[in-house]
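Sequence order for the protein chains is A and B. Take the working numbering: the last position of the first sequence gets the number 750, and nothing is skipped along the way. Take the working numbering: the last position of the second sequence gets the number 153, and nothing is skipped along the way.
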Amino acid sequence: MFKKVLIANRGEIALRVIRSCHERGVRTVAVHSEIDTEALHTRLADEAICIGPDDPRRSYLNIPAIIAAAEITGADAVHPGYGFLSENPEFAETCAQCGLKFIGPTPEQMRHWGDKVKSRALAKSLGLPILQGTEVATNLEDAVDKAKALGFPVVLKASGGGGGRGMHVIQAEDQLRSVFQAARSEARAAFGNDELYFETLIERPRHVEFQILGDDHGNIHVLGERDCSIQRRHQKIIEEAPSIALSDELRSDMTSTIRRAMKETGYVSAGTLEFLMDEQGNLTFLEMNPRIQVEHPVTELVMGIDLVAEQIRIAEGLPIELPAPNLAPRGHAIECRINAEDPDTFAPSPGKITEFHMAGGTGVRVDSGVYGGWRVPPNYDPLVAKLIVHGPTRAHATAKMRRSLAETIIGGIRTNIPLHRRILAHPAFEEGRISTCFLDEFSP
Amino acid sequence: MKLNLDQLRELIQLLDEANLTEIEVKQNDDRIRLRRDPAPAQAPSAVAADPAQPAAASAEQAGGIFVTSPFVGTFYRASSPDDDSFVEVGDRIAPGQVLCIVEAMKLMNEIEAEIEGEIAEILVENGKPVEYGDRLFRIEIA
Numbered sequence: 307m308f309k310k311v312l313i314a315n316r317g318e319i320a321l322r323v324i325r326s327c328h329e330r331g332v333r334t335v336a337v338h339s340e341i342d343t344e345a346l347h348t349r350l351a352d353e354a355i356c357i358g359p360d361d362p363r364r365s366y367l368n369i370p371a372i373i374a375a376a377e378i379t380g381a382d383a384v385h386p387g388y389g390f391l392s393e394n395p396e397f398a399e400t401c402a403q404c405g406l407k408f409i410g411p412t413p414e415q416m417r418h419w420g421d422k423v424k425s426r427a428l429a430k431s432l433g434l435p436i437l438q439g440t441e442v443a444t445n446l447e448d449a450v451d452k453a454k455a456l457g458f459p460v461v462l463k464a465s466g467g468g469g470g471r472g473m474h475v476i477q478a479e480d481q482l483r484s485v486f487q488a489a490r491s492e493a494r495a496a497f498g499n500d501e502l503y504f505e506t507l508i509e510r511p512r513h514v515e516f517q518i519l520g521d522d523h524g525n526i527h528v529l530g531e532r533d534c535s536i537q538r539r540h541q542k543i544i545e546e547a548p549s550i551a552l553s554d555e556l557r558s559d560m561t562s563t564i565r566r567a568m569k570e571t572g573y574v575s576a577g578t579l580e581f582l583m584d585e586q587g588n589l590t591f592l593e594m595n596p597r598i599q600v601e602h603p604v605t606e607l608v609m610g611i612d613l614v615a616e617q618i619r620i621a622e623g624l625p626i627e628l629p630a631p632n633l634a635p636r637g638h639a640i641e642c643r644i645n646a647e648d649p650d651t652f653a654p655s656p657g658k659i660t661e662f663h664m665a666g667g668t669g670v671r672v673d674s675g676v677y678g679g680w681r682v683p684p685n686y687d688p689l690v691a692k693l694i695v696h697g698p699t700r701a702h703a704t705a706k707m708r709r710s711l712a713e714t715i716i717g718g719i720r721t722n723i724p725l726h727r728r729i730l731a732h733p734a735f736e737e738g739r740i741s742t743c744f745l746d747e748f749s750p
Numbered sequence: 012m013k014l015n016l017d018q019l020r021e022l023i024q025l026l027d028e029a030n031l032t033e034i035e036v037k038q039n040d041d042r043i044r045l046r047r048d049p050a051p052a053q054a055p056s057a058v059a060a061d062p063a064q065p066a067a068a069s070a071e072q073a074g075g076i077f078v079t080s081p082f083v084g085t086f087y088r089a090s091s092p093d094d095d096s097f098v099e100v101g102d103r104i105a106p107g108q109v110l111c112i113v114e115a116m117k118l119m120n121e122i123e124a125e126i127e128g129e130i131a132e133i134l135v136e137n138g139k140p141v142e143y144g145d146r147l148f149r150i151e152i153a
């Protein structure tokens, strides 16, 4: 068993990891930038080490500083959370070289799934359904030929992108001609890789993803799906489990396909396979995220498991421990991501939180890294809290979320709570008529 | 060194005019040092922090300048356990002079002085861990 885990992250996910560690009797080390000296993760961890200035490149992304913090505190493992260094294979390798266990998949697995073109090919070879797409376009004329062969409208994607970054919807040839070079420079600047390729555009898709866990003993578990269709500019804002769009038959087919595929690659730790679902109910592979995800709590609530504790157990070399051999979702869970931003303009709203009262009561969970009187720094992600509810049915969960949003008060900064209230009150949401275009179509 | 009252008065005047906090005059084996408490606004301006560099030196209201750790790591006063310490309290230091080592990831990072002065205090024990921004030395500026 680990004695001490260093958490190479901040905010709610750092707290999430600290909590599972403390419940296991494992001591924790928080690392932080100068501006985060009073952040909640530094207060709740057993030890806190300042690793650099506010700029994340010199603190939360600074590999030597994080390794040195682990060395001086005698930590034996590192949990990367999500974002920052969580999908950086060099970081995982450096941890291993320094005798630190990286709580996550192997660097090779991160490399396989990190590149979009490679991960498409890998998914195809593993028998996962993939979207019609092209090879990398070598130049503009090649791009025009490839897009025409695929048929407009198409999605122009960056090989190094992911999570909704580096994509453009292209309706026709002249639009492609005008954006191709810019998209290429953008991809080079953002991902250090200017490879672009095309995929067929799915109109009004749902985003459906499957949670997986694998261990060193060859066990692979597919722990149901999440529906993360409510998005703003490809960023998820509401997630739920299970997805009402999946029939029992499709769920069971996908579960066995994914289990077989992941067994073949020998996947270890937590991961998520993301798919798009078209209006006919066909699923196609989008990407694989080799880490814990923001929305993991909805799976935890319906499955009755602790995914972070399982990640730790797996890293310790233990087999996955589930409450029952064939877990099935119980009830319905919904999560709202509460961001420090203007609910209408979406402009970031950092600053001092003067009042902080989160909802409570049965079936309500709050994962947050902030507190009243603390100043939300402008340097990082705007997520201030995740409000998660669990009820016997989707209707119960929806009612519980409305009640919880009504109880929640965050003062001093603006948040997107009003937007969440409008979405939850919308008949289309209630009826489950959701897609990634929900906000554009219904402007709630 | 024999100083008459007029010469001493001249030195005091110089200290004031040049807005200095300290003057030291050496002649053969004799020396005289004049000191006064620095004006609060002047001490911090003595070192302009280079924004491209980690804060290796930060100013305090009074009592000198602190050299802070630019990394998280382990603080060493000498290059090996058998070597002498790089500096001791009372040593005069010059820009570029190595003050200590902060070890991070088995790399020995030499921390150099950015200013001229005298080591007034060593604030961390040899071999102890330091965080980013921790104070290592207090330097009195001459």
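All residues carry an ideal CB built from backbone N, CA and C; glycine is no exception. All values derive from a computational prediction rather than experimental measurement.
Report back the beta-carbon spacing between residue i and residue j to the nearest angstrom; my notes put them in contact at under 8 Å.
i, j, result
"Phe82/B", "Tyr143/B", "6 Å"
"Ile640/A", "Glu546/A", "5 Å"
"Ala351/A", "Thr334/A", "4 Å"
"Leu693/A", "Thr714/A", "7 Å"
"Phe390/A", "Gly439/A", "The pair is not a contact, with the Cβ atoms about 30 Å apart (cut-off 8 Å)."
"Ser535/A", "Ser741/A", "5 Å"
"Thr578/A", "Gln517/A", "6 Å"
"Arg597/A", "Ser425/A", "The pair is not a contact, with the Cβ atoms about 14 Å apart (cut-off 8 Å)."
Check the Cβ of residue i against every Cβ in chain A and list those closer than 7 Å, keeping chain order.
i, result
"Thr79/B", "Simply none; closest approach about 10 Å."
What do you get for residue i, buried or exposed, if any count of 16 or more other CB atoms within 10 angstroms of its CB means buried?
i, result
"Leu462/A", "buried"
"Thr400/A", "buried"
"Ser562/A", "exposed"
"Val337/A", "buried"
"Gly410/A", "buried"
"Val311/A", "buried"
"Pro51/B", "With a pLDDT of 37 at Pro51/B, under the threshold of 50, the predicted position of this residue should be treated as unreliable, though the coordinate-derived value follows. Exposed: under 16 other Cβ atoms inside 10 Å."
"Gly75/B", "buried"
"Asp559/A", "exposed"
"Ser491/A", "exposed"
"Gly101/B", "exposed"
"Gln617/A", "buried"
"Leu25/B", "exposed"
"Glu447/A", "exposed"
"Asn137/B", "exposed"
"Ile122/B", "buried"
"Ile23/B", "exposed"
"Glu645/A", "Correcting the residue identity first, residue 645/A is Asn in this sequence and not Glu. Buried: at least 16 other Cβ atoms inside 10 Å."
I need the straight-line Cα distance from residue i to residue j, nearest angstrom please.
i, j, result
"Ile324/A", "Ala314/A", "11 Å"
"Asn588/A", "Lys422/A", "20 Å"
"Ile341/A", "Glu21/B", "48 Å"
"Gln481/A", "Thr444/A", "18 Å"
"Phe497/A", "Gly667/A", "44 Å"
"Ala270/A", "Tyr388/A", "One cannot answer for residue 270/A here, as it falls past the ends of chain A, which runs 307 to 750."
"Glu151/B", "Thr79/B", "14 Å"
"Gln599/A", "Phe148/B", "43 Å"
"Glu377/A", "Leu624/A", "24 Å"
"Gln72/B", "Ala703/A", "For Gln72/B, the predicted model reports a pLDDT of 46, less than 50, meaning its position is unreliable; a value from the coordinates is still stated below. In a straight line, the C-alpha of Gln72/B is about 57 Å away from that of Ala703/A."
"Gly520/A", "Arg88/B", "47 Å"
"Glu661/A", "Val676/A", "11 Å"
"Asp93/B", "Gln403/A", "29 Å"
"Arg708/A", "Asp533/A", "18 Å"
"Pro683/A", "Leu321/A", "17 Å"
"Gly125/B", "Ser339/A", "The sequence as given places Glu at residue 125/B; Gly does not occur at that position. The straight-line gap from Cα to Cα measures roughly 24 Å."
"Ala60/B", "Phe397/A", "Low confidence applies to Ala60/B: its pLDDT is 35, below 50, so where it sits in the model is not reliable, and the reading given next is rough at best. Straight-line Cα distance between these residues: approximately 31 Å."
"Gly358/A", "Asp382/A", "21 Å"
"Ser465/A", "Asp650/A", "32 Å"
"Glu570/A", "Ile564/A", "10 Å"
"Gln64/B", "Arg349/A", "Unreliable placement is indicated for Gln64/B, whose pLDDT of 41 sits below 50; the coordinate value is still reported in the next sentence. Rounded to the nearest angstrom, the two C-alpha atoms are 29 Å apart."
"Glu132/B", "Glu99/B", "9 Å"
"Val460/A", "Lys117/B", "50 Å"
List the residues of chain B that residue i touches, going by C-beta distances under 8 Å, in chain order.
i, result
"Ala371/A", "Phe82, Val83, Ala115, Tyr143"
"Ile800/A", "Absent from the model: residue 800/A. The displayed extent of chain A is 307 to 750, so no value can be given."
"Cys404/A", "Met116"
Given that residue i touches chain B, what residues does it touch there, using C-beta distances under 9 Å?
i, result
"Ile355/A", "Val83, Pro140, Glu142, Tyr143"
"Ile476/A", "Chain B residues near Ile476/A: none, gap ~41 Å exceeds 9 Å."
Quick one: which chain B residues come within Cβ less than 7 Å of residue i?
i, result
"Ala453/A", "Result: empty, since nearest Cβ-Cβ is about 44 Å, beyond 7 Å."
"Ala375/A", "Val83"
"Ile313/A", "Under the 7 Å cutoff, chain B gives no residues; its nearest Cβ is about 15 Å from Ile313/A."
Quick check: is any heavy atom of the ligand FAD less than 7 Å from the C-beta of residue i?
i, result
"Tyr87/B", "The model depicted lacks the ligand FAD and carries no ligand whatsoever."
Handout entry: Uninterrupted beta strand (DSSP E) stretches inside the stretch 324-380 of chain A (no shorter than 3 residues)
Key = Counting only runs of 3 or more, we get 333-339, 353-358.
Exercise for the section: Please go through the stretch 438-491 of chain A and give each complete alpha helix (DSSP H) segment of 4 or more residues, from N-terminal end onward. Expected result: As far as the stretch 438-491 of chain A is concerned, its whole alpha helix (DSSP H) runs of at least 4 residues are 446-456.
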